[in-house]
Amino acid sequence: MIDIKKIRENIEVLENSLKRKDQTISLSKILKMDKELRTITSNLNILQSEQNQISKEIGKMKSQGGVDNNLFTSLKSLSLNIKDLESKSKNLSKKLKDKMLLIPNPPHDSVPQGETSEDNVVIRRHGETKKFDFELKDHVQICNDMSLVDFEGGVKISGGGFPLMKGKGALLERALINFMIDYHLKNYDYTEYLTPFLVNPSSAITTSQLPKFSEDMYYIEKDDLYLIPTAEVSITNIHRDDILDFNELPKYYLGYSACFRREAGSYGKDTRGLLRVHQFSKVELVKFVEPNNSYKELENLVVQASKILELLELEYRVVELCSGDLSFAASKCYDLEVWAPKEGSWLEVSSCSNFEDFQARRGNIRFKNKDGKVEFVHTLNGSGLAIPRIFAALLETHQNKDGSIKIPAALQPYMGISKLDS
RNA sequence: GGAGGCGUGGCAGAGCGGUUGAAUGCACUGGUCUUGAAAACCAGCAAGGGUGAAAGCCCUUCAGAGGUUCGAAUCCUCUCGCCUCCGCCA
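If you use the numbering used here, the first sequence corresponds to residues -8 to 413, in order.
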């Protein structure tokens, strides 16, 4: 959520900034509602003050003897006025909040101007494009040939987009998860969590899946719970409504989860094999930091996440998202994309974002600074990383002429083997 | 799922329908004392909103949402959470 004070102070600057992300944004209605609400509130406060004062007097009078009963009849109308204004104020402030929840986070000034992913900027590229002297198989063929994934089985059990991992395939998935978690735990100061996969609406509001993107999530109506599309949701909400102390910051959290996405409306492209699925595994990195440090922390996050790709000996690039491609909640975001040689395309395997205080405001996540003042923290997160696309890129990149797959050295302790044979 | 109990400030724990944002203790911060520390003593110590240059002043908040009342932490209803007992179950 953006700060309503910023709208009051300089609506134009903010609006222009927001338009870099979404042309259709307008704040004038919000400003008007805010003004109206403040008028109501200040009138209400005057009446409440009057009522409080008289109530105190009555208390005194009662303890000293009698109270004139006529006083109560005249107070009745004051009381009714207050109730009327209270309900007006409540209604309006709810409407205002609902509107505020639909306003995205403005992009940081450093974010390149652009409208679509075409305008994103490649920041760096790691690894030489590998040359192959044989006909490559794509990851689907490899999975089928080696019985790593039973796609039809998944369809039978659940439907399309729910891959059934089998044998060495299941092992590889597990190995990747453990390798990633262990790497981040060993090399950085993360605390591991294993969170609930179902969350309540308040949690989904904090991280901005709600109210705007409810269609993207699986929803359990009976219990009013949502399946998480990423562990970001549950991990970020660990500190909802908390006031942390400045010396507790930064907090670095990490967690594996299954991620559930309805992917409504994204039929067609990318649907083959493991590239776009309804359920997948992911290790997520989340940071709670002091505002001054958040952009430095973002750069670190990108480095941390990309180290995994280097250890898996995969070619990748870092892409800075342009203003128009930035997600609703992010101020700035880098994507990591891994090269899949047979697919012939870059697969997004991580988004590393700084949300500044946007999520913190929605979830009321604050800290007490050195001067004892309460401020909102900045939150960041990045995938570290999404498993199925890594799985696919790994199979395609490390395939040998004889059909076997090399297991990168870093992963071998988790697999117990140095290559996959058919 | 059934029966009962309970939800108050960072924690513990009082609280009569009326001068209670809330006793008291602990923790925390500052001061006095001390060579230093501890102890002791003194003082301060919730968040949000409005207004103001600031000091301040006003309002809201005692799990959450409604209700009764001139007035609710206190009474009523519902929801959520925790605890105990019973049932079911990985």
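Backbone N, C-alpha and C define an ideal beta-carbon position, used for all residues, glycine too.
- Just so you know, the alpha carbons of Phe271 and Ser341 end up roughly 13 Å apart.
- For a cut-off of 8 Å, the C-beta gap from Glu106 to Gly315 is around 4 Å, short enough to register as a contact.
- When the Cα atoms are used, Phe188 and Leu376 turn out to be separated by approximately 17 Å.
- Counted as a single uninterrupted DSSP element, the alpha helix (DSSP H) harbouring His175 occupies residues Lys159 to Asn178.
- DSSP places Ala255 in the coil class of the three-state scheme, outside both helix and strand.
- Collapsing the DSSP output to three states places Asn34 in a helix.
- Within 10 angstroms of the beta-carbon of Pro379 lie 16 or more other beta-carbons, which makes it buried.
- When the beta-carbon positions are compared, Leu28 and Ile2 stay at least 8 Å from each other.
- In the DSSP assignment, Tyr286 falls within the unbroken alpha helix (DSSP H) covering Ser285 to Leu302.
- In the DSSP annotation of this structure, the continuous segment of the beta strand (DSSP E) that includes Ser272 starts and ends at Gln270 to Val280.
- Within the region 61 to 99, the runs of alpha helix (DSSP H) that reach at least 4 residues and sit entirely inside it are, in chain order, 61 to 91.
- In the same chain as Val131, and ignoring 5 residues on each side of it, the C-beta atoms closer than 7 Å to its own belong to Arg263 and Gly264, in chain order.
- In the three-state scheme derived from DSSP, where H, G and I count as helix and E and B as strand, Val368 is classed as coil.
- For Leu9, the uninterrupted alpha helix (DSSP H) run begins and ends at Ile2 to Lys10, by DSSP.
- Of all alpha-carbon atoms in Asp215, Tyr217, Lys20 and Ser70, the one lying nearest the alpha-carbon of Leu38 is that of Ser70.
- Apart from sequence neighbours up to five positions away, the residues of its chain that approach Ser297 with a beta-carbon distance below 6 Å are Leu327, ordered along the chain.
- According to the DSSP assignment, Phe382 belongs to the alpha helix (DSSP H) that extends over Ile378 to Thr388.
- Around the C-beta of Ile21, 16 or more other C-beta atoms lie within 10 Å, and the residue is accordingly described as buried.
- Rounded to the nearest whole angstrom, the C-alpha separation of Lys159 and Lys147 is 21 Å.
- At least 8 Å separates the beta-carbon of Lys81 from that of Phe237.
- Comparing C-alpha distances from Pro97 to each of Thr182, Val4 and Lys23 shows the shortest one belongs to Val4.
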